[in-house]
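Chemist: Residue numbering for the sequence shown follows numbering that gives the first Met the number 0, beginning at 0 and increasing consecutively. For glycine and all other residues, C-beta sits at the position ideal for the given N, C-alpha and C. From a predicted model like this one, the values you see are computed outputs, not experimental measurements.
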Amino acid sequence: MTAPDLADYDFALPPELIAQTPTEPRSASRLLLADPLAQHLADHHFADLVQLLRPGDLLVCNDTRVIPARLFGQRPTGGKVELFLERLLDPQRLLMQLRCSKKPRVGEILSVDGGGRLQLLGRDGGFFELQALDESAEALLQRAGHVPLPPYIERADNAADRERY
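#1: Please return the same chain residues whose Cβ sits closer than 7 Å to the Cβ of glutamate 85, not counting the five positions on each side in sequence.
#2: Is the stretch 64 to 78 close to the stretch 110 to 117, with three or more CB pairs under 8 Å?
#3: According to DSSP, simplified to helix, strand and coil, what is leucine 70?
#4: How would you write the range of the alpha helix (DSSP H) that glycine 50 sits in, first residue to last?
#5: What's the call for valine 80, buried or exposed, on a 16-neighbour Cβ count within 10 Å?
#6: With which residues is isoleucine 108 paired in a DSSP beta bridge?
#7: Check aspartate 7 in the structure and name its three-state DSSP category.
#8: In whole angstroms, what separates the C-alpha of arginine 98 from that of alanine 131?
#9: Check each candidate in Gly144, Leu57, Leu32 and name the one with the smallest Cα separation from arginine 161.
#10: Which class does arginine 64 belong to by DSSP, given the choice of helix, strand or coil?
#11: Between glutamine 91 and serine 135, which are expected to be in contact by the criterion C-beta below 8 Å, what is the C-beta distance as a whole number of angstroms?
#12: Report all residues from its chain with a CB closer than 8 Å to the CB of leucine 88; omit the five preceding and five following residues, and keep chain order.
#13: How far does the alpha helix (DSSP H) with leucine 139 in it reach, from first residue to last?
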């Protein structure tokens, strides 16, 4: 079996059909059914899913949660910085993407919006290793982190996103 080509999943979707906030109730969310044999697309709702499944179909449930992996803060110069978690290395250290206007220096201490500090320990390819100075890395993310929304969601995250995603 060959790996699917990512381009096979690319299709035009008008912006007005992209929900910017989750539908309530969740079962009223829209569902696009793609029939590859008939090469047909049909609009449904998630409440219709039970009637759409056929014998032999495989239903995979994804119960993963999005963590508040985006942080905002300032450099010692006052310049803004945006950080995005790649992974936790240990309870205090994080591997993160870092976006700022000028190259950061090893040893630099970043102030996180909402409180907390991160010290830049080094660089690993396109990522930066940082250490949480005032609390565990996980506690910092839970307290000051933002839920990263996909680029087609054109709004800032909010408290409800922590529960929904």
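Modeler: Quick answer:
#1: Leu94, Met95, Gln96, Phe126
#2: yes
#3: strand
#4: The residue you asked about is not glycine; residue 50 is glutamine in the sequence shown. Looking at the DSSP string, the run of the alpha helix (DSSP H) that includes glutamine 50 is 48 to 51.
#5: buried
#6: Gln118
#7: helix
#8: 18 Å
#9: Gly144
#10: coil
#11: 6 Å
#12: Leu94, Glu128
#13: 136 to 143
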